[in-house]
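S.K.:
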DNA sequence: ATATTAACTAGGAATAATTCCTAGTTAGTT
DNA sequence: AACTAACTAGGAATTATTCCTAGTTAATAT
Ligand SMILES: [Mn+2]
Ligand SMILES: [Mn+2]
Ligand SMILES: [Zn+2]
Ligand SMILES: [Zn+2]
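Chains as they are written, first to last, in our numbering: chain D, -6 to 120; chain S, -6 to 120.
Here you go:
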């Protein structure tokens, strides 16, 4: 993988945010530094970075989002505002019985917890 | 929600399979009974059934699939053949600390385990 | 049984997300 | 400096899904 200004800025934009943005959002951010960048370039770089294990793809309601954090963590999605938050659980043992029970070899997992974020719970009681 | 032959067959096709099919696969199956059914009708009915809590949507690598089983269960996806299998884990406590740790109200979760299914592990050693 | 009508249908057009294509450019190597 | 594989912008193509419209029908009321 070769260094390019486009790839570098795509990666930095993603690594600087706490959110889990779409390709389109990343595109808008990168355009502020490289106005001529194309959406295809953003998609290509995101795919290369994800395939290279430098970023993660996360799948939210059938839409692809990206995550610059590569430490093992889980996600909480608010069913009202749709925001995605990181949560850190200690679930190393979660799949320990799968190999003997099912014969599957486990290489990873993704846990998405759903519910209402603090902000949306507060809004509800105000109304 | 009104009864229609189209909806009934869409639902029955989905409830009869162990797989987690796409709308397109369900469309092909239903066509064997109603050759004139349109793909739009399949999508509309799947959405209505999912919104009505009669079936589930599951999200696989950014693609939407459907699941006719509504009992709480988790999924294992083979990273080689991409098949999705049901796994039944007892994880009721998995999110019990989320409310105090993060202030989030939890209403559900989805766990996808990744790895290699039995068949694909066997194929590997044969080659 | 007949009338009524809101919810449905088929078929096809529209939309949206993502990938593909092409000709020109550039980062890294020699 | 020359080389070239990997890159880029821009736009076309593809794919999954939704939307639109005119006609049909399941469920209810008379
Ligand atoms: Mn994250
Ligand atoms: Mn299932
Ligand atoms: Zn929220
Ligand atoms: Zn497999």
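Using N, Cα and C, we set each Cβ at its ideal position, and we do this for glycine too.
Since this is a predicted model, take the numbers as computed values, not measurements.
#1: What does the alpha-carbon distance come out to for the pair residue 80 of chain S and residue 29 of chain D?
#2: Does the beta-carbon of residue 92 of chain D have 16 or more other beta-carbons within 10 angstroms, so that it is buried, or is it exposed?
#3: Whose C-alpha, out of S:82, S:50, S:38 and S:18, is nearest the C-alpha of residue 1 of chain S?
#4: Three Cβ pairs or more, each shorter than 8 Å: is that satisfied between the stretch 53 to 61 of chain S and the stretch 37 to 57 of chain D?
#5: Against residue 98 of chain S, what residues of chain D qualify as contacts under a CB-to-CB distance less than 9 Å, listed in chain order?
#6: For the stretch 33 to 67 of chain S, which residues have a beta carbon sitting closer than 8 Å to at least one beta carbon of chain D?
#7: Expressed to the nearest angstrom, what Euclidean distance is found between the alpha-carbon atoms of residue 117 of chain S and residue 111 of chain S?
#8: Would you check if the distance between the CB atom of residue 17 of chain S and the CB atom of residue 70 of chain S is smaller than 7 Å?
#9: Using the rule of at least 16 other Cβ atoms within 10 Å of the residue's Cβ for burial, across every protein chain shown, is residue 108 of chain S buried or exposed?
#10: Would you say residue 69 of chain S lies against chain D (beta-carbon separation less than 7 Å)?
#11: First and last residue of the beta strand (DSSP E) that includes residue 52 of chain S?
#12: Under the DSSP definition of a beta bridge, which residues are partnered with residue 104 of chain S?
#13: Comparing the C-beta of residue 88 of chain D with each C-beta of chain S, is any distance below 7 Å?
M.R.: From the atom records:
#1: As a first step, residue 80 of chain S must be located in the second chain, where it is residue number 87. As a first step, residue 29 of chain D must be located in the first chain, where it is residue number 36. Their backbone Cα atoms lie some 48 Å apart in a straight line.
#2: Mapped onto the first chain, residue 92 of chain D falls at position 99. So residue 92 of chain D ends up on the exposed side.
#3: Working through the second chain from its first residue, we reach residue 1 of chain S at position 8. Among S:82, S:50, S:38 and S:18, the Cα nearest to that of residue 1 of chain S is on S:38.
#4: yes
#5: Mapped onto the second chain, residue 98 of chain S falls at position 105. Simply 108, 109, 110, 111, 113 and 114.
#6: 50, 52, 53, 54, 55, 56 and 57
#7: Here the question's residue 117 of chain S lines up with position 124 in the second chain. Here the question's residue 111 of chain S lines up with position 118 in the second chain. Each residue's Cα considered, the two are about 10 Å apart.
#8: Counting from one through the second chain, the residue named residue 17 of chain S turns up at place 24. Counting from one through the second chain, the residue named residue 70 of chain S turns up at place 77. Against a cut-off of 7 Å, the Cβ pair of residue 70 of chain S and residue 17 of chain S comes out as no contact.
#9: On the second chain, residue 108 of chain S is found 115 positions in, with the first residue counted as 1. That one is buried.
#10: Counting from 1 along the second chain, the entry for residue 69 of chain S is found at position 76. Closer than 7 Å: yes.
#11: For the purposes of this step, residue 52 of chain S is taken as residue 59 along the second chain, with counting starting at 1. Here the beta strand (DSSP E) through residue 52 of chain S covers 49 to 53.
#12: Locating residue 104 of chain S in the second chain gives position 111, counting from the first residue. In the DSSP output, where bridge partners are listed per residue, residue 104 of chain S has D:104.
#13: Reading the first chain from its first residue, position 95 is the one you call residue 88 of chain D. It does; some Cβ of chain S falls within 7 Å.
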